[in-house]
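Worksheet: the structure to be examined is printed underneath.
Protein chains in written order, with the working numbering: chain A, 141 to 255; chain B, 793 to 905.
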């Protein structure tokens, strides 16, 4: 079992729906991440939060809106998605050290299907 | 552009054999490297990491080797077991104070009983 918990495990949504993905960690990590992974491909970085502030946005379309309510929680709000946005969305966390010098711990992801 | 890549997309070994998974990186500024294992339906699981001031690091049944001269990283798995079957990714940071972890393409390891 992973120490990063993601809900829901599976999500099917229409292109006009609004939904949210949730992530929680209790390891005291202050850096949190959203990655997107298509089938048979490596994870691709979307967003990074450091101390609850957005520090990296990898030119992600505005239909994806991240939120970090506190140091343990990370949300990804979804609106007006396209079928090509169907993927595994992974949350991760790491110790904050002024940069990436400790491993990321991943959740098991949310499998998103956009119809 | 700078990228992390793998020489072998698939690797099939017999149970009990040793496995070696290779990775090439091109960013000489990278100073931290991680190997992940991803089983079907799960997120990447941390295996072992190494910093650029080291050339070898050992864990339980795993060893990571780093050759900075040729920008090459490898993961050795001793006495491979069926439970080791998974996709293995190498990943690198780019040094400095950013948080971007770049993943290689991945190698599918299949262990035959």
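Where a beta carbon is used, it is the ideal one built from N, C-alpha and C, also for glycine.
_Under 8 Å, Cβ to Cβ, is there at least one residue of chain A near residue 825 of chain B?_
Not one beta carbon of chain A lies nearer than 8 Å to the beta carbon of residue 825 of chain B.
_Residue(s) in a DSSP beta bridge with residue 899 of chain B_ = Within the DSSP secondary-structure output, residue 899 of chain B pairs in a beta bridge with B:880.
*When the distance is taken between beta carbons, is residue 250 of chain A closer than 8 Å to residue 146 of chain A?*
The Cβ-Cβ distance between residue 146 of chain A and residue 250 of chain A falls below 8 Å.
*Compare the C-beta of residue 885 of chain B against all C-beta atoms of chain A and say whether one is closer than 8 Å.*
Residue-level contact check: residue 885 of chain B touches chain A, since one or more beta carbons of chain A fall below 8 Å from its beta carbon.
_Relative to the C-alpha of residue 875 of chain B, which candidate in B:900, B:858, B:842, B:891 has its C-alpha closest?_
That would be B:900, whose Cα lies nearest to the Cα of residue 875 of chain B.
*Assuming residue 895 of chain B and residue 183 of chain A form a contact by the criterion Cβ under 8 Å, report the distance between their Cβ atoms to the nearest whole angstrom.*
A Cβ-Cβ distance of about 5 Å is found for the pair residue 895 of chain B and residue 183 of chain A, placing them in contact under the 8 Å criterion.
*Could you check which residue in B:813, B:851, B:898 has the C-alpha nearest to that of residue 839 of chain B?*
Comparing Cα-Cα distances from residue 839 of chain B to each of B:813, B:851, B:898, the minimum goes to B:851.
*For residue 897 of chain B, go through chain A and note every residue whose CB falls closer than 9 Å to its CB, in chain order.*
What residue 897 of chain B touches in chain A: 181, 182.
*Roughly how far, in whole angstroms, is the beta-carbon of residue 162 of chain A from the beta-carbon of residue 215 of chain A, given that I think they are within contact range, below 8 Å?*
In this structure, residue 162 of chain A and residue 215 of chain A form a Cβ contact; the two beta carbons are roughly 6 Å apart against a cut-off of 8 Å.
*asked:* Taking 8 Å as the limit between beta carbons, can you name the residues of its chain near residue 245 of chain A, skipping five residues before and five after?
replied: Here the set comprises 142, 143, 144, 165, 167, 169, 232, 233, 234.
*asked:* What residue range does the beta strand (DSSP E) around residue 227 of chain A cover?
replied: According to the DSSP assignment, residue 227 of chain A belongs to the beta strand (DSSP E) that extends over 227–234.
*From which residue to which residue does the beta strand (DSSP E) around residue 219 of chain A run?*
Residue 219 of chain A -> beta strand (DSSP E) spans 213–219.
*With DSSP collapsed to three states, give me the class of residue 164 of chain A.*
The answer is strand: DSSP assigns residue 164 of chain A an E or B state.
*According to DSSP, what are the bridge partners of residue 206 of chain A?*
Residue 206 of chain A is bridged to A:216.
_Does the CB of residue 244 of chain A have a neighbour CB from chain B at under 8 Å?_
For residue 244 of chain A, the answer is yes, since a Cβ of chain B falls inside 8 Å of its Cβ.
*Using a cut-off of 8 Å between C-beta atoms, extract the partners of residue 227 of chain A located in chain B.*
The CB of residue 227 of chain A never comes closer than 8 Å to any CB in chain B; the least such distance is about 13 Å.
*residue 242 of chain A to residue 893 of chain B span [Cα, whole Å]*: Taking the CA atoms as reference points, residue 242 of chain A sits about 11 Å from residue 893 of chain B.
*Is the CB-CB distance between residue 153 of chain A and residue 220 of chain A below 8 Å?*
Remark: C-beta atoms of residue 153 of chain A and residue 220 of chain A do not approach each other more closely than 8 Å.
*Between residue 861 of chain B and residue 209 of chain A, what straight-line distance do the alpha-carbon atoms span, to the nearest angstrom?*
Here the alpha carbon of residue 861 of chain B sits roughly 44 Å from the alpha carbon of residue 209 of chain A.
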